[in-house]
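Please read the structure below before turning to the comments.
Residue numbers (the working numbering): 31 to 399.
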């Protein structure tokens, strides 16, 4: 795939000017619409490698369908929707409104957590956006701080519907394909369930990070992060104020027990939610505080980033397991070191013990249901 450079014109209409953000699923460019003479955002979407021309064609067809469904949200508040899609150089490019602001991820990095009042406003905006999307049959599948844009007047917009899925589009969904950002993904996503409830879990993680300054499930590597998502319950937020009860409800491991977006909006106005923060046991919070993830650990986790789309799940119905993630990390490690380095004997035993512990915990939870 040829590297994209500024000045490239996409679809004979959109001239790329500067790359605004890069991620695992593509690059967002500031571009100029030559036809309407206005600034737009264009996302260059990365598709996973295909095993055949037929598979690649199917993925392009799916991208077109997803773009059409996402475009249906263009007039809804608090959403930066797709309003055009171009197939150029055999890959999709999503054209969106250019927002004058920065992402929630950038805000947290530069200025720290959101004050409780601002977090409450953000929650209302994002719950409203998800209510509109889910009402139209669309699941976002990648709600996270990097996909929340904050405007100068304090409004919040949900963006990047590039991997969204419509409820009617099931024929083109790859078996076992899990798409999203690991630390924000709902547990049921790893068994192939792309439900609206998954977006609500991801929003809970996003709001937790916005108010507490830490990502509750992020660990030093992908396998440990997945284990935390499957079996750990983060402490009650300390700084969320009236959002405390809603965040806790959104992070329920069982999708049936999470509120819908509309229900969560109503919860924000419920007396029990407004006073939930006063019932928090601070000593318990300190005892079960999430482990501190150092900058070095974050760097290692980024270096070991695993593209979940490339993992074939070995669990029930093709679900991805902790073992699958560790195996993928091990395969990539061997590729980097020439194939023979591997883990030390002590490291192998520690890894095996961690995996066995996670599996035993999951089995125990299932046995209690």
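For every residue, glycine included, the Cβ atom is placed at its ideal position computed from N, Cα and C.
Rounded to whole angstroms, what is the Cα-Cα separation between residue 135 and residue 149?
Position 105 of the chain shown, counted from the first residue, corresponds to residue 135. Position 119 of the chain shown, counted from the first residue, corresponds to residue 149. Going from the Cα of residue 135 to the Cα of residue 149 covers about 13 Å.
Considering just the uninterrupted stretch of the alpha helix (DSSP H) at residue 7, what are its terminal residues?
The chain is shown only over 31 to 399; residue 7 falls outside these bounds and no answer can be derived.
Assigned secondary structure, residue 135 (DSSP; H/G/I helix, E/B strand, else coil)
Stepping through the chain shown from its first residue, residue 135 is reached at position 105. It is helical.
DSSP puts residue 62 in a beta bridge; with which residues?
In the chain shown, counting from the first residue as 1, residue 62 sits at position 32. 45 and 69, per the DSSP bridge assignment.
What does the alpha-carbon distance come out to for the pair residue 217 and residue 179?
If you number the chain shown from 1, residue 217 lands on position 187. If you number the chain shown from 1, residue 179 lands on position 149. Between residue 217 and residue 179, the C-alpha separation is close to 25 Å.
Same chain, Cβ closer than 6 Å to residue 190, five either side skipped, listed in chain order:
Taking the chain shown and counting its residues from 1, one reaches residue 190 at position 160. Closer than 6 Å at Cβ, skipping near neighbours: 177.
Residue 185: which of 158, 225, 282 and 171 sits nearest, CA to CA?
Translated into the one-based positions of the chain shown, residue 185 becomes position 155. The option with the nearest alpha carbon to residue 185 is 158.
In whole angstroms, what is the alpha-carbon distance linking residue 114 and residue 160?
Numbered from its first residue, the chain shown carries residue 114 at position 84. Numbered from its first residue, the chain shown carries residue 160 at position 130. If you take the alpha carbons of residue 114 and residue 160, they lie about 21 Å apart.
Taking all protein chains shown into account, decide if residue 39 is buried (16 or more other Cβ within 10 angstroms of its Cβ) or exposed.
Mapped onto the chain shown, residue 39 falls at position 9. Exposed, because fewer than 16 other Cβ atoms sit within 10 Å of the Cβ of residue 39.
In whole angstroms, give me the CA-to-CA distance for residue 55 and residue 269.
One-based indexing of the chain shown puts residue 55 at position 25. One-based indexing of the chain shown puts residue 269 at position 239. The alpha-carbon atoms of residue 55 and residue 269 are separated by roughly 32 Å.
Would you grab the beta carbon distance between residue 110 and residue 124 for me? Rounded to a whole angstrom, and I think it's under 8 Å.
For this step, residue 110 is matched to residue 80 along the chain shown. For this step, residue 124 is matched to residue 94 along the chain shown. Going by Cβ atoms, the distance from residue 110 to residue 124 rounds to 10 Å, so no, they are not a contact pair.
Can you tell me the Cβ-Cβ gap for residue 276 and residue 294, rounded? I've got them flagged as a contact below 8 Å.
Start at 1 with the first residue of the chain shown, and residue 276 comes out as number 246. Start at 1 with the first residue of the chain shown, and residue 294 comes out as number 264. Confirmed, Cβ separation roughly 5 Å.
Here's the rule I'm using: 16 or more other beta-carbon atoms within 10 Å means buried, otherwise exposed. How should residue 99 be labelled?
Locating residue 99 in the chain shown gives position 69, where the first residue counts as 1. Per the 10 Å Cβ criterion, buried.
For a test of the three-state rule: what should DSSP assign to residue 317, helix, strand or coil?
On the chain shown, residue 317 is found 287 positions in, with the first residue counted as 1. No answer about residue 317 holds up, because its pLDDT of 35 lies below 50 and its placement is not dependable.
Using beta-carbon positions only, say whether residue 57 and residue 49 come within less than 8 Å of one another.
The sequence position of residue 57 within the chain shown is 27, counting from 1. The sequence position of residue 49 within the chain shown is 19, counting from 1. Yes, Cβ-Cβ distance for residue 57 and residue 49 is below 8 Å.
List the DSSP bridge partners of residue 114.
Here the question's residue 114 lines up with position 84 in the chain shown. For residue 114, which the question treats as bridged, DSSP gives the partners 125.
My understanding is that residue 212 touches residue 108, with C-beta atoms under 8 Å, so please give their C-beta distance in whole angstroms.
What you label residue 212 is simply residue 182 of the chain shown in a count that begins at 1. What you label residue 108 is simply residue 78 of the chain shown in a count that begins at 1. No, residue 212 and residue 108 are not in contact; Cβ-Cβ is about 25 Å, not under 8 Å.
Residue 143 in three-state terms, based on DSSP
Counting from 1 along the chain shown, the entry for residue 143 is found at position 113. Correct three-state label for residue 143: coil.
When burial is assigned at 16 or more other CB atoms within 10 Å of the CB, is residue 232 buried or exposed?
Counting from 1 along the chain shown, the entry for residue 232 is found at position 202. With 16 or more other Cβ atoms within 10 Å, it is buried.
I need the straight-line Cα distance from residue 230 to residue 240, nearest angstrom please.
What you label residue 230 is simply residue 200 of the chain shown in a count that begins at 1. What you label residue 240 is simply residue 210 of the chain shown in a count that begins at 1. Straight-line Cα distance between these residues: approximately 15 Å.
Who are the near neighbours of residue 258 in its chain, counting only those whose CB is closer than 6 Å to its CB and skipping five residues on each side?
Position 228 of the chain shown, counted from the start, is the residue given in the question as residue 258. Answer for residue 258: 247 and 249, listed in chain order.
If you drop the 5 nearest sequence neighbours on each side, which residues of the same chain put their C-beta closer than 7 Å to that of residue 243?
If you number the chain shown from 1, residue 243 lands on position 213. Excluding sequence neighbours, residue 243 sits near 138, 142 and 143.
By the three-class DSSP mapping on this structure, what secondary structure does residue 401 have?
The question about residue 401 has no answer here: the residues shown for the chain are numbered 31 through 399.
Measuring CB to CB, does residue 264 end up less than 8 Å from residue 279?
In the chain shown, counting from the first residue as 1, residue 264 sits at position 234. In the chain shown, counting from the first residue as 1, residue 279 sits at position 249. No. Outside cutoff.
According to DSSP, simplified to helix, strand and coil, what is residue 52?
One-based indexing of the chain shown puts residue 52 at position 22. Here residue 52 sits in strand by DSSP.
For residue 59, collect the residues of the same chain with a Cβ closer than 6 Å to its Cβ; drop the 5 residues on either side in sequence, then sort them by chain order.
Against the chain shown, residue 59 aligns to sequence position 29. Contacts found: 46, 49 and 72.
Helix, strand or coil at residue 280 according to DSSP, with G and I counted as helix:
Locating residue 280 in the chain shown gives position 250, where the first residue counts as 1. Three-state DSSP puts residue 280 in a helix.
Can the beta-carbon of residue 175 be found closer than 8 Å to that of residue 236?
Against the chain shown, residue 175 aligns to sequence position 145. Against the chain shown, residue 236 aligns to sequence position 206. Contact: yes.
What would DSSP say about residue 39, mapped onto helix, strand or coil?
Residue numbering aside, residue 39 sits at position 9 when the chain shown is read from its first letter. Three-state DSSP puts residue 39 in a strand.
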